Amino acid sequence: MALSRRHAAASLAAVPLALAATGTAQARTAQDRSGGRGRPRAEVTVYLAGDSTAATKAASAAPETGWGMALPFFLADRLRVANHAVNGRSSKSYYDEGRLAAILTAIRPGDFLFIQFGHNDEKTDDPARGTDPATTYPQYLRLYVGGARDRGARPVLLTSVERRKFDAAGTAQRTHGAYPDAVRSLARAEGVPLIDVQASSIALWQRLGPEGTKGCFNWLDPGESPNYPDGKQDNTHFQPHGAIEVARLVARELRAKGVLAPSDVRRLDEAIPDSWITW
Numbered sequence: 001m002a003l004s005r006r007h008a009a010a011s012l013a014a015v016p017l018a019l020a021a022t023g024t025a026q027a028r029t030a031q032d033r034s035g036g037r038g039r040p041r042a043e044v045t046v047y048l049a050g051d052s053t054a055a056t057k058a059a060s061a062a063p064e065t066g067w068g069m070a071l072p073f074f075l076a077d078r079l080r081v082a083n084h085a086v087n088g089r090s091s092k093s094y095y096d097e098g099r100l101a102a103i104l105t106a107i108r109p110g111d112f113l114f115i116q117f118g119h120n121d122e123k124t125d126d127p128a129r130g131t132d133p134a135t136t137y138p139q140y141l142r143l144y145v146g147g148a149r150d151r152g153a154r155p156v157l158l159t160s161v162e163r164r165k166f167d168a169a170g171t172a173q174r175t176h177g178a179y180p181d182a183v184r185s186l187a188r189a190e191g192v193p194l195i196d197v198q199a200s201s202i203a204l205w206q207r208l209g210p211e212g213t214k215g216c217f218n219w220l221d222p223g224e225s226p227n228y229p230d231g232k233q234d235n236t237h238f239q240p241h242g243a244i245e246v247a248r249l250v251a252r253e254l255r256a257k258g259v260l261a262p263s264d265v266r267r268l269d270e271a272i273p274d275s276w277i278t279w
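Per the numbering used here, the sequence shown starts with residue 1, numbered consecutively.
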């Protein structure tokens, strides 16, 4: 199997919700050669719970790309990515829909649970999704942390990736209010590794500037994509290049903070072709 297809398969290897609830489905990659007898002992699954910024996209949404689709490019083959991030979900709605329960049915000791919400928690006018950064947001996030730990898995908290927003002087702006600080505080209180994607992404957007960031986000001219015939100016979701660069930020910090061993992180200094992303 070609490298791009192998890693794309890894990014799509999420446990289906209904099957995961019964414990009968396992996310797989081409590296699982156990012949149905269970995965090799050294193999670890990275479960990703989050929103549309990380989610695997349908072909009808291309070139919109979640950074979780690109994360396998930067991880060793023994680490399988089960991308359970879903468009439009908050820490609350994801939990209320039983999606965390499905992950906790499938997760095993030694696996990881990466937790990144916030974009939709901010929609406080929506009672199904909105949370308060001082109270309900950390309360819900604790359910993810505790659920993973109860099963011998390793939770990792991630702050929200930053949107594309610049002031008139070209300075990248923070848009998530108190939510990232709530994640930082919770990580300290619970002793959970923190991947500060807001901080690293806003630094990247600042380096690229207002024009350079358009190539990372889903900005399209009319006629550029058949899925968006009238064009698109999306300052939240990514094109393949942006998803790859955010995944690179995540992988770099996972290694720097010792969450993953250096041997488990690769290609940090390589240019990853956008064509490696498939839908």
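Every residue gets a Cβ at the ideal spot worked out from N, C-alpha and C, and that includes glycine.
In this text the structure is predicted, and so the values were computed from the model without any measurement.
Asked: Whole-angstrom Cβ separation of D111 and V156, contact assumed at under 8 Å?; Found: So it is not a contact: roughly 11 Å between Cβ atoms.
Asked: How would you write the range of the beta strand (DSSP E) that P155 sits in, first residue to last?; Found: R154 to L158
Asked: Buried or exposed: where does A61 fall if 16 or more other Cβ atoms within 10 Å of its Cβ makes it buried?; Found: buried
Asked: Which of the three DSSP states is assigned to L79 in this structure?; Found: strand
Asked: When the Cβ atoms of the stretch 267-275 are set against those of the stretch 90-101, are three or more pairs found closer than 8 Å?; Found: no
Asked: Straight-line CA distance for G66 to W279?; Found: 11 Å
Asked: When the Cα atoms are used, what is the spatial distance from G88 to I195?; Found: 21 Å
Asked: Measure from the alpha carbon of A101 to the alpha carbon of each residue in K232, V145 and T124, then state which is nearest.; Found: V145
Asked: Quick check on the DSSP output: what are the complete alpha helix (DSSP H) runs of length 4 or more inside the stretch 126-209, in order along the chain?; Found: 136-150 and 179-190
Asked: At the level of alpha carbons, what is the spacing between T131 and F117?; Found: 11 Å
Asked: Rounded to whole angstroms, what is the Cα-Cα separation between A55 and S91?; Found: 14 Å
Asked: When you compare only the Cα positions, how much space is there between A199 and L254?; Found: 14 Å
Asked: If you run the structure through DSSP and keep just helix, strand and coil, what is I272?; Found: coil
Asked: For F166, which residues in the same chain have their Cβ closer than 7 Å to its Cβ, ignoring the five residues on either side in sequence?; Found: A172, Q173 and P210
Asked: Note down the Cα distance separating L260 from D230, rounded to an integer number of angstroms.; Found: 43 Å
Asked: The alpha helix (DSSP H) with L260 in it runs from where to where?; Found: Taken as a continuous stretch (DSSP letters only), L260 belongs to no alpha helix (DSSP H), as it is neither H nor E.
Asked: Taking only three categories from DSSP, how would you classify R266?; Found: coil
Asked: Tell me where the alpha helix (DSSP H) around L104 begins and ends.; Found: R99 to A106
Asked: Look up K232 in the DSSP assignment and say whether it is helix, strand or coil.; Found: strand
Asked: Count the C-beta pairs between the stretch 133-147 and the stretch 67-74 that are closer than 8 Å, then say yes if the count reaches three, no if not.; Found: no
Asked: Any idea which residues DSSP pairs W219 with across the strands?; Found: Q233
Asked: For F217, I'd like the list of residues in its chain whose CB is within less than 8 Å of its CB, leaving aside the five on either flank, ordered along the chain.; Found: R164, D234, N235, T236, H237, F238, Q239 and G242
Asked: DSSP three-state call for S93: helix, strand or coil?; Found: helix
Asked: Would a C-beta distance cut-off of 9 Å place R151 and L104 closer than the cut-off?; Found: yes
Asked: Give the straight-line distance between the Cα atoms of A178 and D264, rounded to the nearest whole angstrom.; Found: 33 Å
Asked: Is T213 helix, strand or coil when you go by DSSP?; Found: helix
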